[in-house]
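K.L.:
Position one of the sequence shown corresponds to residue 1 (UniProt numbering), numbered consecutively onward. The structure's right below; bear with me while I get my questions together.
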Amino acid sequence: MPCSERSSAPGRLTGDLLSPVPAPVSSASPPYIRPEAINSRAGAADSPEISLPTAGRMKVVNVGCDPSEVYRPEGDAENGKSKGDYRNFKDGPLMDRVYNTYLQMHTNQTVDFVQRKNEEYGGCHLRRMTIMEALDLLDNVVDESDPDVNFPNSYHAYQTAEGIRRAHPDKDWFHLVGLLHDIGKILALVGEPQWAVVGDTFPVGCKVQDSVVFRDSTFHNNPDMTNPLYNTKYGIYQPHCGLENVLMSWGHDEYMYKVMKHNKFALPQEAFYMVRFHSFYPWHTGGDYMHLCNEDDLRMLPWVKEFNKFDLYTKCGELPNPSELKPYYQSLIGKYCPGELSW
Numbered sequence: 001m002p003c004s005e006r007s008s009a010p011g012r013l014t015g016d017l018l019s020p021v022p023a024p025v026s027s028a029s030p031p032y033i034r035p036e037a038i039n040s041r042a043g044a045a046d047s048p049e050i051s052l053p054t055a056g057r058m059k060v061v062n063v064g065c066d067p068s069e070v071y072r073p074e075g076d077a078e079n080g081k082s083k084g085d086y087r088n089f090k091d092g093p094l095m096d097r098v099y100n101t102y103l104q105m106h107t108n109q110t111v112d113f114v115q116r117k118n119e120e121y122g123g124c125h126l127r128r129m130t131i132m133e134a135l136d137l138l139d140n141v142v143d144e145s146d147p148d149v150n151f152p153n154s155y156h157a158y159q160t161a162e163g164i165r166r167a168h169p170d171k172d173w174f175h176l177v178g179l180l181h182d183i184g185k186i187l188a189l190v191g192e193p194q195w196a197v198v199g200d201t202f203p204v205g206c207k208v209q210d211s212v213v214f215r216d217s218t219f220h221n222n223p224d225m226t227n228p229l230y231n232t233k234y235g236i237y238q239p240h241c242g243l244e245n246v247l248m249s250w251g252h253d254e255y256m257y258k259v260m261k262h263n264k265f266a267l268p269q270e271a272f273y274m275v276r277f278h279s280f281y282p283w284h285t286g287g288d289y290m291h292l293c294n295e296d297d298l299r300m301l302p303w304v305k306e307f308n309k310f311d312l313y314t315k316c317g318e319l320p321n322p323s324e325l326k327p328y329y330q331s332l333i334g335k336y337c338p339g340e341l342s343w
């Protein structure tokens, strides 16, 4: 059976930073899905109180690695990695952790689970705080699905943003997307297991496509795999219904997208697509699930691919100094998503 309970998290974060607020629940099924395919949940669990793990500050340098160097086929001599060295899901020092995260994800991410998480977090009732306050919380999150890095996610945010800033100096909104794209991982600090927060995403309610990582060895105990409503090519969806109308596996992408929509971020459509689908590797890199895409999705795909260059290839051991970069990014926050937001 899928795990529907979150890991326990005793205590409360100092300062009551992420104490929950009860959220209203909607039982309405999305109109784009055949109603007989879904049993809507009548209620959603309250978010738990949390305790924040202690995380030491890592040594930083003034600049991160330059993605323009990593893009070269011969790789970046300073970084020591070529493009082919990234996203290695076959071997490496972190593989046991990575595989176990995906095994739990692919066992427990079901239509029912995703619906319940959308209900639980969709109203953004968790806490009010600024973008910078949320970003600073990522100092305490290390992504257990990532085979490339083993440092706090806050540094990856600045690495991505600075890579975009160098390549696209005239698109300040794009710089901001680089900074905030992973902030949804704060869910790992409210008791959500990492398999419900991080990793590649995929549509639930239809057949798992070939390019989904560990597809052949991690879905065997997922109950949706034996449900005839969910295990066909289209499953509960209509051809070319549009990704906007697809239930994606639950995680930080979907949560941050909901935060952006709820708080009416003054960003272009491209920004919302980048955040919502940046972990959808089976689509933007694997070329799968095109049968669910509409014209808007295909028009946005090049932007998601462009973002992926920086999300992936700026990961390196040289960590940026956030204190030097914060003034610039605070100015972008003030322009596009100022003040305290609902999370």
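Idealized CB from N, CA, C, for every residue including glycine.
Only counting the same chain, and skipping five residues up and downstream in sequence, which positions put a Cβ closer than 7 Å to that of Tyr102?
P.N.:
Ser145, Gly199, Val213, Phe214, Thr218
K.L.:
Please classify Arg276: does DSSP put it in a helix, a strand, or coil?
P.N.:
helix
K.L.:
Sort out for me which residues DSSP pairs Pro327 with in a bridge.
P.N.:
None, per the DSSP bridge assignment.
K.L.:
In the DSSP assignment, find the alpha helix (DSSP H) that holds Arg116 and state where it starts and stops.
P.N.:
111 to 121
K.L.:
Does Asp216 pass the burial test, meaning 16 or more other C-beta atoms within 10 Å, or should it be called exposed?
P.N.:
exposed
K.L.:
Assuming Cys124 and Trp303 are in contact, meaning their beta carbons sit under 8 Å apart, how far apart are those beta carbons, in whole angstroms?
P.N.:
So it is not a contact: roughly 25 Å between Cβ atoms.
K.L.:
In angstroms with no decimal places, state the Cα-to-Cα distance between Lys117 and Asp170.
P.N.:
Cα-Cα distance, rounded: 37 Å.
K.L.:
Between the Cα of Glu120 and the Cα atoms of Val259, Ala167, Val208, which residue gives the shortest distance?
P.N.:
Nearest to Glu120 by alpha-carbon distance, out of Val259, Ala167, Val208, is Val259.
K.L.:
Quick one: using the 10 Å Cβ neighbour count with 16 as the cut-off for buried, is Lys107 buried or exposed?
P.N.:
According to the sequence shown, residue 107 is Thr rather than Lys. That one is buried.
K.L.:
Apart from the five residues on each side of it in sequence, which residues of its chain come closer than 6 Å, Cβ to Cβ, to Val177?
P.N.:
Ala271, Met274
K.L.:
Go ahead and pull the three-state DSSP assignment for Pro203.
P.N.:
strand
K.L.:
Measure from the alpha carbon of Asp136 to the alpha carbon of each residue in Asn245, Ala157, Gly163, Arg127, then state which is nearest.
P.N.:
Residue Ala157 is the option with its Cα nearest to Asp136.
K.L.:
Between His252 and Leu187, how many whole angstroms is the CB-CB distance? I'm expecting something under 8 Å.
P.N.:
6 Å
K.L.:
Between which residues of its own chain and Arg276 is the CB-CB distance below 7 Å, once the five residues before and five after are set aside?
P.N.:
Asp253, Glu254, Tyr257
K.L.:
Would you check if there are 3 or more beta carbon pairs closer than 8 Å linking the region 283 to 297 to the region 234 to 243?
P.N.:
yes
K.L.:
I'd like to know whether the C-beta atoms of Asp311 and Thr160 end up nearer to each other than 8 Å.
P.N.:
yes
K.L.:
Between the C-alpha atoms of Ile236 and Val204, what's the straight-line distance to the nearest angstrom?
P.N.:
9 Å
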